[in-house]
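K.L.:
Have a look at the structure that comes next, please.
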Amino acid sequence: AQKVTQAQTEISVVEKEDVTLDCVYETRDTTYYLFWYKQPPSGELVFLIRRNSFDEQNEISGRYSWNFQKSTSSFNFTITASQVVDSAVYFCALAGSNAGNMLTFGGGTRLMVKP
Amino acid sequence: DSGVTQTPKHLITATGQRVTLRCSPRSGDLSVYWYQQSLDQGLQFLIQYYNGEERAKGNILERFSAQQFPDLHSELNLSSLELGDSALYFCASSVVSQGSTDTQYFGPGTRLTVL
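Chains as they are written, first to last, in our numbering: chain A, 2 to 116; chain B, 212 to 326.
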């Protein structure tokens, strides 16, 4: 069985602060894929990043960065210098190779960035 | 804009009724997925179709059914609706590559309210 845990249900920061969203996963698959999606107040789910289990390199994209650590089964997401437009619910998701393309989502973290 | 379209955007109906949600995948994507997002269950995978054939099934109720047509659009049929079926229903699409798990791109969702 696959499981994704996002322990932080809600985080509130002031603009320009850095914030890290935690994601811990469980899977028995040796090959798997991890994803982050953003759900802004308008409701759609926006893809942010996809990472496979063989690639532990950290990734940076503008103000966003991701830290993947297989040893701790974590795939954390950091926003540097947060902005009000970053306010959204962020979901971590897992797809194991034996589960086909089915995504198992975490419960989401609601990020509120105040001006 | 992900390129995945869903209609209608909102749907309000009564208990016991039947509704059909429609999804058109991104151009070139052969696989369609349906997910349900509710307050108590979070984001849950319902069903996947690939090129017209059912590929995987998740926690989909027997009252729910889906199909994918030759033009690759998909419909999710919900019948004998109950109050608890009120949720945001997402469609996603992806290219399905051999030996890999592709990124799923989500549509804007259909918000179903059962009164």
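No residue lacks a Cβ here, since even glycine has one placed at the ideal position from N, Cα and C.
What are the residues of the region 294-324 of chain B that lie near chain A, defined by any Cβ-Cβ distance shorter than 9 Å?
P.N.:
The region 294-324 of chain B vs chain A, Cβ under 9 Å: 299, 301, 303, 305, 307, 310, 311, 312, 313, 314, 315, 316, 317, 318, 319, 320, 322.
K.L.:
Restricting to Cα atoms, I'd like to know which of 113(A), 2(A), 105(A), 115(A) is closest to residue 1(A).
P.N.:
Here chain A comprises residues numbered 2 to 116, so residue 1(A) is not present and cannot be evaluated.
K.L.:
Kindly indicate which three-state DSSP category residue 97(A) falls into: helix, strand or coil?
P.N.:
If DSSP states are grouped into helix, strand and coil, residue 97(A) belongs with the strands.
K.L.:
Would residue 280(B) be called buried (16 or more neighbouring beta carbons within 10 Å of its own) or exposed?
P.N.:
Classification for residue 280(B): exposed.
K.L.:
Report yes or no: do the region 66-73 of chain A and the region 90-98 of chain A share at least 3 C-beta pairs separated by less than 8 Å?
P.N.:
No, the region 66-73 of chain A is not in contact with the region 90-98 of chain A.
K.L.:
Just to confirm, are residue 269(B) and residue 257(B) a CB contact at a threshold of 7 Å?
P.N.:
Yes; because the gap between Cβ atoms is below 7 Å, this pair is in contact.
K.L.:
So, under 8 Å CB-CB, residue 306(B) and residue 239(B) are touching, yes? Tell me the CB distance rounded to an integer number of Å.
P.N.:
Yes, residue 306(B) and residue 239(B) are in contact; Cβ-Cβ is about 6 Å, under 8 Å.
K.L.:
Can you have a look at residue 236(B) and say buried or exposed, based on whether 16 or more other CB atoms are within 10 angstroms of its CB?
P.N.:
Label assigned to residue 236(B): buried.
K.L.:
Where residue 291(B) and residue 98(A) are concerned, what is the direct C-alpha to C-alpha distance, given to the nearest angstrom?
P.N.:
Their backbone Cα atoms lie some 35 Å apart in a straight line.
K.L.:
With H, G and I counted as helix, E and B as strand and the rest as coil, what does DSSP make of residue 307(B)?
P.N.:
Here residue 307(B) sits in coil by DSSP.
K.L.:
Could you work out which residue in 85(A), 60(A), 114(A), 54(A) is closest to residue 27(A) when comparing CA atoms only?
P.N.:
The residue with the shortest Cα to Cα distance from residue 27(A) is 54(A).
K.L.:
How far does the beta strand (DSSP E) with residue 113(A) in it reach, from first residue to last?
P.N.:
Here the beta strand (DSSP E) through residue 113(A) covers 110-115.
K.L.:
Can you give me the C-alpha to C-alpha distance between residue 46(A) and residue 107(A), rounded to a whole angstrom?
P.N.:
If I take the Cα positions, the gap works out to 14 Å.
K.L.:
Apart from the five residues on each side of it in sequence, which residues of its chain come closer than 6 Å, Cβ to Cβ, to residue 275(B)?
P.N.:
The answer, listed in chain order, is 289.
K.L.:
Check whether the Cβ atoms of residue 248(B) and residue 298(B) sit closer than 7 Å, and answer yes or no.
P.N.:
Yes; because the gap between Cβ atoms is below 7 Å, this pair is in contact.
K.L.:
In chain A, what lies closer than 9 Å to residue 242(B) by C-beta?
P.N.:
Going along chain A in sequence order, the residues near residue 242(B) (Cβ under 9 Å) are 102.
K.L.:
Hey, out of 295(B), 227(B), 271(B), 214(B), whose CA is closest to residue 234(B)'s CA?
P.N.:
Selected option, being the one with the closest Cα: 214(B).
K.L.:
Mind pulling the chain B residues with CB within less than 7 Å of residue 34(A)?
P.N.:
Ordered by position in chain B, the residues that pass the 7 Å Cβ test against residue 34(A) are 312.
K.L.:
In this structure, does DSSP put residue 86(A) in helix, strand or coil?
P.N.:
DSSP places residue 86(A) in helix when its eight states are reduced to three.
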